[in-house]
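These protein sequence lines are chains U and A, in that order.
With the first sequence counted from 1, adding 6 to any position gets you my numbering.
With the second sequence counted from 1, adding 6 to any position gets you my numbering.
Glycine residues also receive a C-beta, built at the ideal position from the N, C-alpha and C atoms.
Protein chains: 2
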Amino acid sequence: MTPTPCSSVAFLIDDDEAVRDALSWLLRSRGIPSRDWSSAEAFLTDYSPQMQGCLVVDIRMQGMTGLELFDRLRDLECRLPIIFLTGHGELSKAVQVLKQGAFDFIEKPFNDNELADRVLEAITWDEARRTRGQQSHAIHNRLRSLTSREKEIMARIIKGQMNKIIADELNIAMRTVEAHRSHVFEKMGVKSAVELATLLAENGISVSF
Amino acid sequence: MTPTPCSSVAFLIDDDEAVRDALSWLLRSRGIPSRDWSSAEAFLTDYSPQMQGCLVVDIRMQGMTGLELFDRLRDLECRLPIIFLTGHGELSKAVQVLKQGAFDFIEKPFNDNELADRVLEAITWDEARRTRGQQSHAIHNRLRSLTSREKEIMARIIKGQMNKIIADELNIAMRTVEAHRSHVFEKMGVKSAVELATLLAENGISVSF
DNA sequence: TTTGGAGTTACGGTTATCCACAATGTTGTT
DNA sequence: AACAACATTGTGGATAACCGTAACTCCAAA
């Protein structure tokens, strides 16, 4: 495994202090920094979208359960990978949360090596997700800088329509389409329609304007 | 739920005849056709890639277990969705197979409605997958019809390179590039480089030639 | 009222694409 | 040897893309 960057942290949430301590110790011994909270509520008050790394959450806690926390974080559009811990072998819940996108589900008592590996996997996954997100974010920023007319012309360009056709359909001069087209390329940071189409398709963006 | 097309079938694999009968009856009452086998081995001898629908497999059977069947089907590149049944609440196995791509994991005794719904979901998913697969297959057929030189030119086209540049880099006449380019468009069924780039990117195809 | 962004358009020109028709050389198969 | 597929190139022309420069209008914010 690669050494963990200091920017990624394991966020531990469990109402059993002994478990938190054991986890902290385990992860520290692997070079993984961690922070811990004794309840989902406490974590939520501290939560910020800047946090990066992964969550390790006991599914059964006083007050808000791990499942409820999961839902709440989804509402906040939090995409941090979550590893659930359970001491009760609740299979149906495991299946449910995994299908909803939880990263992993581990029974207590857990194997130390396995847990640490999962945490590392989750952190790695989160970093990859974050990188993808930045790419996508940059593109969306560029898209937002387009005027609505430019977006409309762009949508037609990537459908393969020629300037002449676009001009006819929008009842404007071809030269105008050319001007918009040029602006679109400049703002989107590409040099051709091909590059533009590839950029958008690779990021799953369909322009409807 | 939409009525189940007769082409999709639930394939039931369980060494307990009573379970098979109960499942068959349940599914038939919902209009879902099914076939059943008493062992993974028996299913494998009958298996064909033409089968469409979903599998419902008891995880613990005499001889080959459900998990082993899962692996075996993966080797055969079978993409049928699999719903596992278990009577023993084996959480760690549930987590494992779900992360490997199993469709669902249901504890016995199961709720009839729930199981039938899952089977329908799985069948629907399989049909969608099959549709996507056909699209992708058609594109790959077209890609295979390209000569290696044409693939090389195509790779450069979708990078946004101009004919002139391509000609220079390959030390051939521009006219030759034009000829290849024209063939590529014709064989791939598109009318412009933009359509080609979109087609490939949307299907996650990166051309390296 | 002034300023500025957005949308629009024209002129004149360069470059690139696309195409029909025609042809040559190479390679591998039958 | 004969044939087919492939890669190659040419001529000449129609069509489209691209660009710099320069306006004009509309509209909203300062």
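query = Looking only at DSSP bridge pairs, what is Cys60 of chain A linked to?
reply = A:Ala16
ask   = Which bits of chain A does Lys197 of chain U rub up against, with CB to CB less than 7 Å?
value = Gly166
query = So with Cβ pairs under 9 Å, would you call Phe111 of chain U a contact of chain A?
reply = yes
Extent of the continuous alpha helix (DSSP H) to which Asp123 of chain A belongs = 118 to 150
task = Could you tell me the distance, in whole angstroms, from the CA atom of Ser98 of chain A to the CA atom of Glu113 of chain U?
result = Looking at the backbone, the Cα of Ser98 of chain A and that of Glu113 of chain U are separated by about 7 Å.
query = Can you find at least 3 beta carbon pairs, one from the region 100 to 107 of chain U and one from the region 118 to 126 of chain U, that sit closer than 8 Å?
reply = no
query = Under 9 Å between C-beta atoms, does Ala207 of chain U make it to chain A?
reply = Output row for Ala207 of chain U: interface = yes.
Cα-Cα separation, Ile163 of chain U to Ser198 of chain A = 11 Å
request  = Could you tell me the boundaries of the alpha helix (DSSP H) in which Ser35 of chain A lies?
outcome  = 23 to 35
message = Going by beta-carbon coordinates alone, are Ser13 of chain U and Arg26 of chain U separated by less than 9 Å?
response = no
ask   = Any idea if Thr8 of chain U is buried or exposed, counting beta-carbon neighbours within 10 angstroms, 16 or more meaning buried?
value = Residue placement at Thr8 of chain U cannot be trusted, given a pLDDT of 49 that sits under 50; what the coordinates show is reported in the next sentence. Under this definition Thr8 of chain U is an exposed residue.
ask   = If you measure beta-carbon to beta-carbon, which residues of the region 88 to 105 of chain U are closer than 8 Å to chain A?
value = Answer in chain order: Thr92, Gly95, Glu96, Leu97, Ser98, Ala100, Val101, Leu104, Lys105.
message = Using a Cβ distance threshold of 8 Å, determine whether the region 56 to 66 of chain U contacts the region 80 to 88 of chain U, with at least three qualifying pairs required.
response = yes
ask   = Checking contacts by CB at 9 Å: is Ile65 of chain U closer than that to chain A?
value = No, Ile65 of chain U lies away from the interface with chain A (no Cβ there is under 9 Å from its Cβ).
task = Just the chain U side, please: which residues come within less than 7 Å of Glu201 of chain A by C-beta, in chain order?
result = Gly166
ask   = Going straight from the alpha carbon of Val213 of chain U to that of Glu158 of chain U, what length do you get?
value = 8 Å
Residues near Thr71 of chain U in its chain [Cβ-Cβ closer than 6 Å; skip 5 each side] = none
request  = Tell me Ile88 of chain U's beta-bridge partners as DSSP assigns them.
outcome  = U:Leu61
inquiry  = Here's the rule I'm using: 16 or more other beta-carbon atoms within 10 Å means buried, otherwise exposed. How should Gln141 of chain U be labelled?
reply    = exposed
ask   = Is the Cβ of Ile19 of chain A closer than 9 Å to any Cβ of chain U?
value = no
ask   = Alpha carbon to alpha carbon, what distance is there between Ser188 of chain A and Leu75 of chain A?
value = 48 Å
message = Between the alpha carbons of Arg138 of chain A and Leu33 of chain U, how many angstroms are there, rounded?
response = 42 Å
request  = Just the chain U side, please: which residues come within less than 7 Å of Thr204 of chain A by C-beta, in chain order?
outcome  = Ile164, Ala203, Ala207
Residue from U:Ser54, U:Thr51, U:Glu47 with nearest C-alpha to Gln68 of chain U = U:Glu47
Arg41 of chain U: first and last residue of the uninterrupted beta strand (DSSP E) it sits in = 40 to 43
message = Taking the alpha carbon of Gly93 of chain A as the reference point, which residue from A:Ala185, A:Phe191, A:Asp20 has its own alpha carbon closest?
response = A:Asp20
inquiry  = Between A:Leu176, A:Met180, A:Lys170, A:Met160, which has its C-alpha nearest Phe191 of chain A's C-alpha?
reply    = Here the closest residue by C-alpha is A:Met160.
message = Taking the beta carbon of Asp77 of chain U as the centre, do at least 16 other beta carbons fall within 10 Å, making it buried, or is it exposed?
response = exposed
Cross-strand partners of Glu113 of chain A (DSSP beta bridge) = A:Thr92
ask   = Can you name the start and end residues of the alpha helix (DSSP H) that Leu50 of chain A belongs to?
value = 46 to 52
key: Buried versus exposed, by CB contacts within 10 Å (16 or more), Ile172 of chain U   = buried
task = With a 10 Å radius around its C-beta and 16 neighbouring C-beta atoms as the bar for buried, classify Ser40 of chain U as buried or exposed.
result = buried
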